[in-house]
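These notes are about the structure you will find just below.
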Amino acid sequence: GEVRFGSVGLRFPFVEVKAADIDESGHITRFSDVDEIGEIIMKGVCVTPGYVQAEYNQKAFTTDGWLRSGDLGRIDADGYIWLTGRAKDLIIRGGHNIDPSIIEEALHEHPSVELAAAVGRPDAYAGEMPVAYVQLKPDAKVTPEELKEFAREHIPERAANPADLTIIREMPLTGVGKIFKPALRHDAAVKVFNAELEALAADGVDITVTVDNHPMHGSLATVSVTGGDKDQLGPQISEKLGPYTLRHEVVWQG
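Heads up: the sequence shown begins at -5 in the numbering used here, then just goes up one per residue.
Here it is as structure tokens:
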């Protein structure tokens, strides 16, 4: 085929490549339409059938055998594939897939914004809600509410409007200078869980929430509790955090 700058090209012969929406269990809920963003998946005679260690296959393949690339992208009417981001960064709000780049691009248009990142915040009803983190340019003066209003005016999808926006002094970066989004996702989750559990932290009871990477669950919230009645607080914590898809464990101190 012809060279189309920005595209990774066409599929190989005897290989199927599609963009699709995939749920947390690895089921394909629907294939994307032409030029609609989804996760790029593939199957065919030259695609690996799986790992020798079978436990690694669960996240690498859909339930019906498509290899998951981990990339977000779209396929145009001529079959050219265009990558737009990473699937792990996708924000899923009530079944609606939101590419964080549309939020970030809108915020970067503001003259006071140096860096912007959008991530999913746990939500008991929608699964996730989009939130944004912003690092301002030196000497810039703008409030979170002003930036949220600016985002609402420039983001084309209503569902992608950030539910919250936090201005931070310095954006977390990887060793190669890319924004380290896991740190932001964890921070957003800690804020949500702390707000849920605030009412339980009475006199003599201290509740601390941390969120870290987990080899099985991806991320895990650890709720550390000091003081109080375990038999009473345990069910209350489970009732408040149970509706969230983010897994949690309770650790009793002392």
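Cβ atoms here follow ideal geometry from the backbone N, Cα and C, with glycine treated the same way.
A quick note: this is a predicted structure, and the numbers were derived from the prediction, not measured.
Of the other Cβ atoms in all chains shown, fewer than 16 fall within 10 Å of the Cβ of Ala189; this residue is therefore exposed. When the five nearest sequence neighbours on each side are left out, the beta carbons in the same chain lying within less than 7 angstroms of the beta carbon of Ser106 are those of Leu130, Lys131, Ala134 and Val136, in order along the chain.
Taking the Cα of Pro138 as reference, the smallest distance to any Cα among His148, Pro156, Glu122 and Val11 is reached at Pro156.
DSSP lists Thr216 as the beta-bridge partner residues of Thr204. Counted as a single uninterrupted DSSP element, the beta strand (DSSP E) harbouring Glu243 occupies residues Arg241 to Gln247. By the CB criterion at 7 angstroms, Ile149 and Gly114 fall outside the cutoff. The three-state secondary structure of Ile31, taken from DSSP, is coil. Proximity of the segment 226 to 236 to the segment 185 to 199 meets the contact definition, three or more beta-carbon pairs being nearer than 8 angstroms.
Non-local C-beta neighbours of Leu141 in its own chain, meaning closer than 7 angstroms and more than five positions away in sequence, comprise Leu101, His104, Val128 and Leu159, ordered along the chain. In this structure, Tyr74 is the residue among Lys224, Tyr74, Gly169 and Ser95 with its C-alpha nearest to the C-alpha of Arg(-2). Looking at the DSSP output, His90 shares a beta bridge with Arg87. With fewer than 16 other CB atoms across the displayed protein chains lying within 10 angstroms of its CB, Val28 is exposed. Residue Val199 holds the alpha-carbon nearest to the alpha-carbon of Thr220 among Val199, Val203, Gly236 and Pro237. Annotation: Glu(-4) is outside any beta strand (DSSP E) and is labelled neither H nor E by DSSP. A distance of 7 angstroms or more separates the beta carbons of Ala183 and Leu227. Contact between Lys82 and Trp60 does not hold, since the beta-carbon distance rounds to 17 angstroms and is not under 8 angstroms.
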